[in-house]
Every structure is written in structure tokens, then in C-alpha cells.
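Enquirer: Below are the C-alpha cells for one structure; questions will follow.
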Amino acid sequence: MSTTLERPPSRAGTESATLAGTGTLVRFMLRRDRIRFPAWAVGLPLLMAYFAVALESLAGTPEDLQGLTSFTSSPAGALFGGPGFGFDQLTLERFLVGQYGLYILVGAGLMGLLTVVRHTRAEEHTGRAELVRANVVGRHAQLTAALVLTTLMAVLATVLIALVMTSRGYDAGGSLLFGASAGAVVVAFGAIGAVTAQLSEYPRAAAGFAGALLGTAFVLRGLGDMAAVQGSGPSWLSWLSPIGWSQQTAPYTHDDWWPLALCLVFSAAVTAAGYALSARRDFGAGLIPPRPGSPRAAAWLSGPLALSFRLQRAGLIGWSLALLVGGVAYGSFTQPLLEGFQDAPEDLLAVMGGSENMLAGYLGLMGFFMALVVTIFVILAVHGLRGEETEGRAEPVLATAVGRSAWIGSYLLVSAIGAPWLLLVAGLGMGLGAAVSTGDSGLVADLVAGHLAHTPAVWLVLAIAALLYAAVPRALPAAWAVLGYGLIAGMFAPMLNLPDEVIRISPFGHIGDYPRDDISITAVLILTLLAAAGAAAAIARFRRRDLVTTA
Amino acid sequence: MSTAIDIRQIVKTFGHVTALDGLDLTVQTGQVHGFLGPNGAGKSTTIRILLGLLRADSGTARLLGRDPWADAVALHRRLAYVPGDVELWPNLTGGEAIDLFSRLRGGVAPARRDELCERFDLDPSKKGRTYSKGNRQKVALIAALASDVELLVLDEPTAGLDPLMEAVFQDCIREVKTAGRTVLLSSHILAQVEALADQISIIRQGRIVETGSLAQLRHLTRTSVEVMTDRSTTVLADLPGVHNLRSTNGYTQFEVDGEHLATVVRRLGELGVHGLTAHPPTLEQLLLRHYGDQLGHDDAKAVTR
Ligand SMILES: Nc1ncnc2c1ncn2[C@@H]1O[C@H](COP(=O)(O)OP(=O)(O)OP(=O)(O)O)[C@@H](O)[C@H]1O
Ligand SMILES: [Mg+2]
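First to last, the sequence lines map onto chains A and B.
Here the first sequence stands for residues 1 to 551, where the numbers follow my numbering.
Here the second sequence stands for residues 1 to 305, where the numbers follow my numbering.
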């Protein structure tokens, strides 16, 4: 007894105490994620393999490849691909990492941030972590274990991507570098998740904030890469983004490893900030203290529709702001884009269809892209609806005079109105940015129309998600596949000359990307009808099933 | 007397788990009906079927004379429900939640709501996420008690309340009873059921195993008796209905089944009694008999399989 009292614990002793139990927790997390872990860490390499095989079969000859560069070397191509290193002497592998690699990197970022939030804030929020923490588990063990798990996923993804690429006969060094670039993004956004998890008590807010930073990283490098391709403008923006660092490694072209060092330093600093914040807050609490609110409900808060609006209001405000800012940022790039064309050689411009068409193409693509982003909002909204049920808040509401149809119907209605609203905001933002930068105020109407036209496609995805939720609540995540397919079909199919039918399975392949294409009124009507039918089926199904309750 | 709740032969399964296995339950209008049973017996499942949140596989249920699944909305205007685990919206205050529930149900009584907030000592201006478990429970209780409905369905409504609040709750339920309203009260707090319930039903493994007033249930179980006698009491051991007889130096303890009590008392008279205490069974003993049986039952099943 006395000996332990005489010797104050050494500094090393306290440090290891705060980490006690980390190993056990990592094993426990691996067991909990026995499906999720390989799904992500193997899924990304498999996606890369799919891209490789698809590209090889489509562009077998060097001439085919050269044909692809007209889009990819354009500013819009840079925005949605990357700086395009070595595209002047194009090879399959350069094209793969230069154009598709970006989406692997975005997936890697999502994997990192979702994994960390899932095992830290989400655990704390449900109260499971409290049980864990009451055992011999140090204060920092949970966060450390989550970061270890994320790093393991990053390493596995790195190795598998490298193996997949090498096995297709690409240079081993470049393959490993690209794998490591993806791994670095996993680690960087895992670190960002470790910080955002400290800020709010809500796992969804933590993931949402980290996701917004991922979106910002995407936009920053997009603007920077666009400037780089044009040879004018703020190309340094790419260097503010962890995704940008990973792209600057230029696998198979320059094979630079040093940008990844930047990423590691960044990750270490951000992780340290996460630990520091974690030490400053109470268990279960966020850093933003709760404020008291109104002791009475406002008069309008009186029915299921008002409740649904109240529940989605904060999200709608946040999304509106983000889309407005993003829209203005992308829109204000219209003028530098046009100037870029003026510098381009005459014959190149002719090949691209003239500067008029290039502008319409860029604006049309932006509308399509924003439609995908708003689709994220509607799928997340249905996830929120499911949360109301699984977290036990639907039960007391459905025990009042609110019927099943009114409950699900009013929630879906708010999301459905939210979709065109957000498209309007994004279109308006882009239109204003474009109009101010070019001085052509006519662009506002074009962009608003082009964005709004996608509404029925977003509605259809909303209806599909609602139907999945109503019929098989656990299968709701499958709705993301529709979005993923829309992305691949819309972004890559045109440049790969994929058959029309392939594009047309996607809800986004029908209406047309105005002002590049005309808006198909028939498609608008049919998609709207399909969405309405889907929503009606979802409501009918939800009326007939048991509520998901906890025992 | 009319019936507020009438359940006949309800069966409900979740995959391979049979939660309710031919359950019968009748609750008379104007009574407080205690609903007791071990964990996982099926109390919450029964209540959710009565609320139309779950659909029974077979059997019939009538609530206030109507079908709880088909007429859910119309019925819900006439009842209020407090779940066992109250979850609130994190960014709505307790007061907003109370108002919202009252409005969604149809009736609003602001004065009563404020009075209840006071009695339950609830600060309605806090956000949902900052309430403790007991305070979340209070929010749901106030929303239910403030409404002017015929039937209260309460699933372990005071699981998180402190003893002072428990007393307030019991007062409120007595007022509800005086007003002629009906209460279905699922609970693990025996003192609460003993104090409030007119009728009690005990559920085990998805079936009602006992139902009746507390007095009737007591009669079905054993009374413990302690006596001081001049003569030996060994003769008692052979009487029907006598259990666990222990005797030392003229002091004897034993238990006797309710129906044989009269015979035993008659025989005791011949033994020179000069001291006697008899305890009716407590609700706890009554329940432990049923809860305990469960284990024996399971073992028996396991062996015969
Ligand atoms: N949604 C569900 N899915 C699967 N099984 C369930 C579900 N709900 C209840 N059960 C099972 O049904 C049985 C009865 O559960 P129920 O919640 O009705 O018990 P209870 O009497 O309310 O218990 P407690 O006193 O612990 O609240 C249990 O075996 C439980 O595991
Ligand atoms: Mg229960």
C-alpha cells in the first residue's frame, strides 16, 4: 500500500492509463465491423478494378484513348476529374487515376470520416460507450481504437488497390503510390472526423460537418485544377485540399511521394487537435453547450406536417447555405473559363464544338452535379425518417391521432418540397456567380431552369428510398446505389460512349442537362408520375407493416 | 359494467420468438388495471398491439369497443400513452414536446398542463437532449395526464422517477380514477400497483397466468403462520395444504394454502395456542411464485425435449 502511495504515477504511467483497453476495443470494433470493414476496404479496390476493366474494353487502342482527352483536358473535365497529369501522352493508367481516381479518393474520405464517427460519437450517443468506459478502458482508448481501425482500413485499401492495379500490368511503383494516395485521404478524413466528433453530441451532425469539409476539399481542388488546366487563375487552391495533395502525386507520370508527407503532417496535427478537444469536454457532451429554449410550442407547431418541417428545418437551412456558397463559387468560374477558351488554339476550339457549346456544356454539367448533391439530401432525409422510428420517437406520435399515412406522407412531402427549393438555391447561386463574373445576366434564368428541371429525377430517388424504407427498413442504404449509378452513368458514360440504354437506367439520364441539352417535357412528366406512384406505394406499404420497435 | 379493453387469444410472433401466446385480457371501464410480469413477458408487446403499432398474428382485440388496428386514429383521440422508454426530439424543448403531443391528440388544456409541470417540478424550457431519464418520463406523463381522455395506457410510466415524484404520480392516478377514467398500468413497482390497482393481471411467457383483484389473488396463495403452542404441532404437517412446517420448542412456522386455511385454524384450536401471527401473502410473494415458476417450467421443458 505505502509503496504505491509514495510513488506518484509517472507521466508515462498516466498516458498508458488513458489508453488502457485500446487493443481490446480494436478487436471488438473489428468484430462489429466484420462486414462493413471489408465492404469498404475491398469495395474501393474493386471499384478501381471495375473502372480499369471497363476502360480497357472501351478504349483498346491509343486512338480511342486520344479521343477521350477532348473532354478530360477541358476545364469542366478538370473540375470533375483532376489536373490531368501526363494527358498529353495518354496511357490507360494515367487516364484511370487522372479521371476516375478522384472518385476513389472521395470514397476513401467518406470511409475515413464515417468509420471514426461511427466508433466514437455514435457509440457515445447511444450510451453503449458508457458501458464500455465503465470497464478498464482509458479516456482516450475509444478514439485511439477508432483511429487504429481507420488506419488498418487505409492500409488494407492501399495494398489492395496497388495489387489490383499492378495485376493489370501497370507500373508497380505508380500503383502503390496511387493506393497510398487513397490511403492518405482515408487517414486525413479520419482525423477530421476525430475533431468533428468532439464538437456536437450528434453523430449525424459530426458526420455531416466532416462531410461538408470533404465537399469543400472537393470544390477547392476542382477550382484549383480548373485554373491549372486553363493556365490562368488560382491553381494554388488545389493545395488547400487533402484530396488535392493525393492528386498532386501524379502516379504513373511524375510519381511524386512528397505531397503525401504534407497529408501526414496535416493528419497528425488534426488528430492532435481531436485529442485536445476530447480532453476538454465531458463524456457524452459536445463542445457547443446547450441553450434553453421556449417553454411552449409555437402556435404553428400543431400537426404532422408542421412537425416534419420542424424536424427538417435545421438541415434545410444548412444545405441551403452550403449550396448557395458552392453555387456562387462554381458560377464565378465561368468568366475565367471563357477566357481560357480565348487563349486556346482555333482548331482545338472547333473540335470541342466552339466556346458557346463549351459554356453550355459546363453549365449543364453543373446542374446535373447539383442534382446529385440534392439527391444526397433526400436520401439522408429518408434516413432521418427511419431514425425517428428506430430511435423510438415515432411510437408516441403514432399513438396520438396522427395516422400512419399522415406521419410518413408529411415527412416525405417536406423532403419533396425541399428538393426543388435546394435546386433553386443552387441554381440561383451559380447563376448569380456566373452573371456577375461574365456580365451576362441571362445566365441566371438558364441556370435556374437547368437546375430546377432535375427535380423529378430527385423525386424519383426519394420515392425509391421511401419505398425501400417502407418495405424493408434495413435495406434503405441500397438507395445510395441509385445515386452512385447516376453519378457513374452521367459523368463517365458520355465520354466513354457507353450505350444509351446504360445511361437511361439512371433517373438522371432522361430530362437533359439544360442548357447543353433541351429539357424533355415528356421525361419530366413520366418521372414525376413514377415518383408519385412510388411514394403512394411506400405510404400504402408503411400503413400495413409493424412499427419497428425495441423489445 | 362495460369493458374498455377486451383481448381474446392474441398471438404475436417476432421471427422465431413467440412474444404473445394466446393472451386474454379484460379491463373494466373506470378501473385501474395493474399489468405485471417478468421482463420479456410480453407487456409492452400487448400494449403496442392495443395501440395499433403492431398487428397481432391471430386473435381479437377490442379497445373502447373498436378495432385497435383498423380504427387507430379515431381511438387515439380517446386515449393517451406513455411509453416505457421516452425518447424526445433533441432540439425541441420539453414544453414544445408536451404541447405538440397534446395538439396531435386533438385536445389542449393549457391550465392543467402548467399545473402538472409545477407538480412534477419540470422545467419545460430545456432541450430534449438535456433531460435526464426521469425528466423525459415526466414530459410524456404530463402530456398524457393533461389531456382529457377516457383511457390512459401507461407502460412502466415511473421507471425513472424519484420517490417524491412517484407519490405525485399516484395522486394523479387517483384523481384520474375519481374522474371515472380507465387506466392500464404496466409496472414493476409492486407498491405502486398495490396502492392503485383495482384489478391485476399477471402475464408470463405471453399468457395471462392470474387475474383478479388483489384480495382474490391473495386467496389463491399461501398465508404464512407463526404460532406458540403447548402441544406438539406435528399433526399439522399431514393436513392438506400445509407447507414448510418447522417446529422448535413450541414455536412453529408454516405456510398454508388459502383454501385450506379454515381447516388448519380449526385444528390449531386443539393445540393450546398462546400466541399467533398470520401474514397474508404480499404481492411480492405472489409474483415471485409466478416469476419463479418460470424457471422451473423452462427446465421442465428443456428436459422433456
Ligand atoms: N421488435 C421485436 N423484435 C423481436 N423480438 C421482440 C420485439 N419486441 C419484443 N420482442 C420479444 O418479445 C418478448 C416480449 O417483449 P416485451 O417487450 O413485450 O416484454 P415486456 O413484458 O414489456 O418486458 P419488460 O418488462 O422488460 O419491459 C420478448 O421475448 C422480446 O424479446
Ligand atoms: Mg416493456
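Quick reminder that beta carbons are idealized off the backbone N, C-alpha and C, glycines included.
Against chain B, which members of the region 374-385 of chain A pass a CB distance test of less than 7 Å?
Expert: none
Enquirer: Using a C-beta cutoff of 9 Å, does ARG77/B count as contacting chain A?
Expert: As a working note, residue 77/B is residue 77 in the second sequence. Yes, ARG77/B counts as interfacial toward chain A.
Enquirer: Can GLY206/B be considered in contact with ligand 2, in the sense that its beta carbon sits closer than 8 Å to one or more heavy atoms?
Expert: Locating residue 206/B in the second sequence gives position 206, counting from the first residue. It does not: the Cβ of GLY206/B is nowhere closer than 8 Å to a heavy atom of ligand 2.
Enquirer: Does GLY15/B come out as helix, strand or coil in the three-state DSSP assignment?
Expert: On the second sequence, position 15 is the one that residue 15/B refers to. Coil, per DSSP.
Enquirer: With contact counted as at least three CB pairs below 8 Å, one residue from each stretch, are the region 197-216 of chain A and the region 133-141 of chain A in contact?
Expert: no
Enquirer: At the 9 Å Cβ level, is TYR252/A part of the contact set with chain B, yes or no?
Expert: Translated into positions along the first sequence, residue 252/A becomes position 252. So no, TYR252/A is outside the interface.
Enquirer: Counting only Cβ pairs nearer than 7 Å, list the residues of chain B close to THR196/A.
Expert: In the first sequence, counting from the first residue as 1, residue 196/A sits at position 196. The contacting residues do not exist; THR196/A stays about 17 Å from chain B at best.
Enquirer: Does PRO341/B pass the burial test, meaning 16 or more other C-beta atoms within 10 Å, or should it be called exposed?
Expert: Outside the displayed span of chain B (1 to 305) sits residue 341/B, for which this structure offers no information.
Enquirer: What does the alpha-carbon distance come out to for the pair ALA463/A and ALA532/A?
Expert: As a working note, residue 463/A is residue 463 in the first sequence. As a working note, residue 532/A is residue 532 in the first sequence. Spanning the two alpha carbons is a distance of roughly 7 Å.
Enquirer: Going by alpha carbons, who is nearest to THR178/B out of GLY30/B, ILE7/B, LEU185/B?
Expert: Walking along the second sequence from the start, residue 178/B turns up at place 178. Comparing alpha-carbon positions, the option among GLY30/B, ILE7/B, LEU185/B lying closest to THR178/B turns out to be GLY30/B.
Enquirer: Does DSSP put GLN335/A in a helix, in a strand, or in coil?
Expert: Here residue 335/A is taken as the residue at index 335 of the first sequence, counted from 1. Reduced to three states, the DSSP call for GLN335/A is helix.
Enquirer: Comparing the C-beta of ILE7/B with each C-beta of chain A, is any distance below 9 Å?
Expert: As a working mapping, residue 7/B is identified with position 7 in the second sequence. No, ILE7/B does not count as interfacial toward chain A.
Enquirer: Between LEU301/A and chain B, is there a C-beta pair that is closer than 9 Å?
Expert: Counted from its first residue, the first sequence places residue 301/A at position 301. Taking Cβ atoms only, chain B reaches closer than 9 Å to LEU301/A, which makes this a yes.
Enquirer: Please go through the region 210-289 of chain B and give each complete alpha helix (DSSP H) segment of 4 or more residues, from N-terminal end onward.
Expert: 214-220, 234-237, 261-268
Enquirer: Applying the criterion that 16 or more other CB atoms from any shown protein chain within 10 Å of the CB defines a buried residue, is ASN249/B buried or exposed?
Expert: Locating residue 249/B in the second sequence gives position 249, counting from the first residue. Classification for ASN249/B: exposed.
Enquirer: Using the Cα positions of LEU152/B and ALA399/A, report the straight-line distance between them to the nearest angstrom.
Expert: Position 152 of the second sequence holds residue 152/B. Position 399 of the first sequence holds residue 399/A. Cα atoms of LEU152/B and ALA399/A: separation of roughly 11 Å, rounded to the nearest angstrom.
Enquirer: Following a CB-centred definition, is SER186/B positioned closer than 8 Å to any heavy atom of ligand 2?
Expert: By one-based count along the second sequence, residue 186/B stands at place 186. Result yes, Cβ under 8 Å from ligand 2.
Enquirer: Are the C-beta of PHE101/B and some C-beta of chain A separated by less than 9 Å?
Expert: Within the second sequence, numbered from 1, the residue matching residue 101/B stands at position 101. Yes, contact with chain A.
Enquirer: Thinking LEU483/A and GLY534/A are a contact (beta carbons under 8 Å), I'd like their distance in whole angstroms, please.
Expert: Taking the first residue of the first sequence as position 1, residue 483/A is located at position 483. Taking the first residue of the first sequence as position 1, residue 534/A is located at position 534. Not a contact, Cβ separation roughly 15 Å.
Enquirer: Excluding five sequence neighbours on each side, which residues of the same chain lie with their C-beta closer than 7 Å to the C-beta of ASP255/A?
Expert: Counted from its first residue, the first sequence places residue 255/A at position 255. So the qualifying residues of the chain are GLY173, GLY174, LEU177.
Enquirer: Please find out if some non-hydrogen atom of ligand 2 comes closer than 8 Å to the beta-carbon of LYS43/B.
Expert: By 1-based counting over the second sequence, the position of residue 43/B is 43. Yes - ligand 2 has a heavy atom lying nearer than 8 Å to the Cβ of LYS43/B.
Enquirer: For the region 82-101 of chain B, enumerate the residues whose C-beta is nearer than 9 Å to any C-beta of chain A, in chain order.
Expert: VAL82, PRO83, ASP85, VAL86, GLU87, LEU88, TRP89, PRO90, ASN91, LEU92, THR93, GLY94, GLY95, GLU96, ALA97, ILE98, ASP99, LEU100, PHE101
Enquirer: Return the residues of the region 387-404 of chain A that lie within a Cβ-Cβ distance of less than 7 Å from chain B, sorted by chain order.
Expert: GLU391, GLY392, ARG393, GLU395, PRO396, VAL397, LEU398, ALA399, THR400, ALA401, VAL402, GLY403
Enquirer: Are the Cβ atoms of ARG218/B and PRO280/B separated by less than 9 Å?
Expert: The count along the second sequence starts at 1 and reaches residue 218/B at position 218. The count along the second sequence starts at 1 and reaches residue 280/B at position 280. Yes, the pair counts as a contact, with Cβ atoms nearer than the cut-off.
Enquirer: Would you say ALA294/A faces chain B, with C-beta separation under 9 Å as the test?
Expert: Here residue 294/A corresponds to residue number 294 of the first sequence, with the count starting at 1. Checking the displayed sequence, the identity of residue 294/A turns out to be Ser instead of Ala. At least one chain B Cβ lies under 9 Å of SER294/A.
Enquirer: Taking all protein chains shown into account, decide if LEU161/B is buried (16 or more other Cβ within 10 angstroms of its Cβ) or exposed.
Expert: Taking the second sequence and counting its residues from 1, the one referred to as residue 161/B is at position 161. That one is buried.
Enquirer: Please report the distance separating the alpha-carbon of LEU100/B from that of THR93/B.
Expert: For the purposes of this step, residue 100/B is taken as the residue at position 100 of the second sequence. For the purposes of this step, residue 93/B is taken as the residue at position 93 of the second sequence. Rounded to the nearest angstrom, the two C-alpha atoms are 10 Å apart.
Enquirer: Using 8 Å as the threshold, is the region 181-201 of chain A in touch with the region 72-80 of chain A, meaning 3 or more CB pairs across them?
Expert: Segments in contact, no.
Enquirer: How many angstroms separate the CA atom of ARG129/B from the CA atom of LEU141/B?
Expert: Working through the second sequence from its first residue, we reach residue 129/B at position 129. Working through the second sequence from its first residue, we reach residue 141/B at position 141. Their Cα atoms are separated by approximately 17 Å.
Enquirer: Under 9 Å, Cβ to Cβ, is there at least one residue of chain B near LEU547/A?
Expert: The residue given as residue 547/A occupies position 547 in the first sequence. Chain B, which has a Cβ nearer than 9 Å to the Cβ of LEU547/A, makes this yes.
Enquirer: Can you name the residues of chain A whose CB is closer than 8 Å to the CB of LEU54/B?
Expert: Position 54 of the second sequence, counted from the first residue, corresponds to residue 54/B. Simply ASP546, LEU547, THR549.
Enquirer: Along chain A, in chain order, which residues have C-beta atoms closer than 7 Å to that of ARG126/B?
Expert: Within the second sequence, the letter at position 126 stands for residue 126/B. In the sequence as presented, Arg is not what sits at residue 126/B; that position holds Lys. Residues of chain A passing the Cβ test: PRO292.
Enquirer: Along chain A, which residues have their Cβ under 7 Å away from the Cβ of ALA140/B?
Expert: Along the second sequence, one-based indexing puts residue 140/B at 140. Within 7 Å Cβ-Cβ: PRO396.
Enquirer: So what does DSSP say about LEU196/B, is it helix, strand or coil?
Expert: As a first step, residue 196/B must be located in the second sequence, where it is residue number 196. For LEU196/B, the three-state secondary structure derived from DSSP is helix.
Enquirer: By alpha-carbon positions, which one of ASP225/A, PRO242/A, SER241/A ends up nearest to PRO234/A?
Expert: Taking the first sequence and counting its residues from 1, one reaches residue 234/A at position 234. Closest option to PRO234/A, Cα to Cα, is ASP225/A.
Enquirer: Scan the region 31-95 of chain B and note each continuous beta strand (DSSP E) run of 3 residues or more that stays entirely inside, going in chain order.
Expert: 32-36, 58-63, 79-82
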